[in-house]
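Number of protein chains: 2
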Amino acid sequence: MARFTHPRLEDVPLDLALHALADPNRLGMVARLAATERLSCTDAAPCDTIPKSTLSNHLKLLRAAGLIETTQAGREMINTLRRADFDRRFPGLLDAVLANRID
Amino acid sequence: MARFTHPRLEDVPLDLALHALADPNRLGMVARLAATERLSCTDAAPCDTIPKSTLSNHLKLLRAAGLIETTQAGREMINTLRRADFDRRFPGLLDAVLANRID
DNA sequence: TTCAACAGTTCAATATTCCCGAACTATTAA
DNA sequence: TTAATAGTTCGGGAATATTGAACTGTTGAA
Numbered sequence: 001m002a003r004f005t006h007p008r009l010e011d012v013p014l015d016l017a018l019h020a021l022a023d024p025n026r027l028g029m030v031a032r033l034a035a036t037e038r039l040s041c042t043d044a045a046p047c048d049t050i051p052k053s054t055l056s057n058h059l060k061l062l063r064a065a066g067l068i069e070t071t072q073a074g075r076e077m078i079n080t081l082r083r084a085d086f087d088r089r090f091p092g093l094l095d096a097v098l099a100n101r102i103d
Numbered sequence: 001m002a003r004f005t006h007p008r009l010e011d012v013p014l015d016l017a018l019h020a021l022a023d024p025n026r027l028g029m030v031a032r033l034a035a036t037e038r039l040s041c042t043d044a045a046p047c048d049t050i051p052k053s054t055l056s057n058h059l060k061l062l063r064a065a066g067l068i069e070t071t072q073a074g075r076e077m078i079n080t081l082r083r084a085d086f087d088r089r090f091p092g093l094l095d096a097v098l099a100n101r102i103d
């Protein structure tokens, strides 16, 4: 099946990073990955009503923004937060966003 | 002419704030306002090729996100950053974003 | 007083992006 | 093999964004 492409963080513009975070579903997934590390796509889902095609697209966008890495493990895709990479590229940003979540 | 509505920051969700910042034109305007304080719409513009209707819409969105305040002064609309309000609502967020601008 | 120029908004049409059902691919277990 | 599982990709409709054109309100000049 598809193998995933992960950008170098230098190539990720701030706009894209912010855009990826500017959505409650994606933000929820990032928060979950920040807490749990290593989640399959369905486990990373923000709720169990979201269609899987939508979920897949959200995860693709998070990948493109350099926020997550996805690797295949059997028939699951395992997602992890690229926190170190992301923090090096955008110091303090993810912390600030996550700290301000939970409304 | 139109008088502007400014939301209470408690009513601004994080998603909206991030969405407002997740655009190079708007981010440029915010950065300019962070540096200059009190700019007319045209002076706040990120470049001189952007259509004024587009500019007006961007500013409307920044208002809705609680990022700027707009008041009328003669035939100009004067925009200022609502930094204190925004920082109280989303501590550290704007700093982190502005610090990571300039690619 | 007009009148024209200016600063910006609003409207409506087009262009772009997003969402999600349906079809598909790949892996595993039976 | 086959069926179930885990997820991707595709395509069309829904939602957003962009922008030219028309409009509102303000000011300065004739």
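The listed protein sequences correspond, in order, to chains C and W.
The first sequence begins at 1 in UniProt numbering and counts up one residue at a time.
The second sequence begins at 1 in UniProt numbering and counts up one residue at a time.
The C-beta atom is built at its ideal place from N, Cα and C for all residues, glycine as well.
Residue i in three-state terms, based on DSSP
| i | result |
| --- | --- |
| W:Glu10 | helix |
| W:Ala17 | helix |
| C:Asp48 | coil |
| C:Phe86 | helix |
Residue i versus residue j: straight-line alpha-carbon distance, rounded
| i | j | result |
| --- | --- | --- |
| C:Leu55 | W:Asp23 | 23 Å |
| C:Ala34 | W:Cys47 | 38 Å |
| C:Met1 | C:Leu59 | Low confidence applies to C:Met1: its pLDDT is 47, below 50, so where it sits in the model is not reliable, and the reading given next is rough at best. Computed Cα separation, rounded: 16 Å. |
| C:Ala45 | W:Thr49 | 41 Å |
| W:Ile102 | C:Asp15 | 11 Å |
| C:Lys52 | C:Thr42 | 8 Å |
| W:Thr5 | W:Asp85 | 15 Å |
| W:Thr36 | W:Met77 | 15 Å |
| W:Ala17 | W:Arg32 | 17 Å |
| W:Ser40 | C:Arg3 | 49 Å |
| W:Arg75 | W:Arg38 | 15 Å |
Span of the beta strand (DSSP E), counted from its first residue to its last, around residue i
| i | result |
| --- | --- |
| C:Thr70 | Ile68 to Ala73 |
| C:Thr36 | Unbroken run through C:Thr36 is the alpha helix (DSSP H), Pro24 to Thr36; no beta strand (DSSP E). |
| W:Asn100 | Run containing W:Asn100: none; DSSP gives neither H nor E here. |
| C:Thr80 | Glu76 to Leu81 |
Distance cut-off 7 Å: residue i Cβ against heavy atoms of the ligand GDP
| i | result |
| --- | --- |
| C:Ile68 | Ligands are entirely absent from the displayed structure, and the ligand GDP is therefore not among its contents. |
Residue span of the alpha helix (DSSP H) that contains residue i, given as start and end
| i | result |
| --- | --- |
| C:Thr42 | Cys41 to Ala44 |
| C:Arg3 | It is not in any alpha helix (DSSP H) - C:Arg3 carries neither H nor E in the DSSP assignment. |
| C:Ala64 | Lys52 to Ala64 |
Neighbour-count burial assignment, residue i, 16 or more Cβ in a 10 Å radius
| i | result |
| --- | --- |
| C:Asn79 | buried |
| W:Arg26 | buried |
Test item: CB-CB of residue i and residue j under 8 Å
| i | j | result |
| --- | --- | --- |
| W:Leu61 | W:Val30 | no |
| C:Arg83 | C:Leu93 | no |
| C:Ala96 | W:Ala96 | yes |
| W:Arg88 | W:Leu9 | yes |
| W:Thr71 | W:Arg63 | no |
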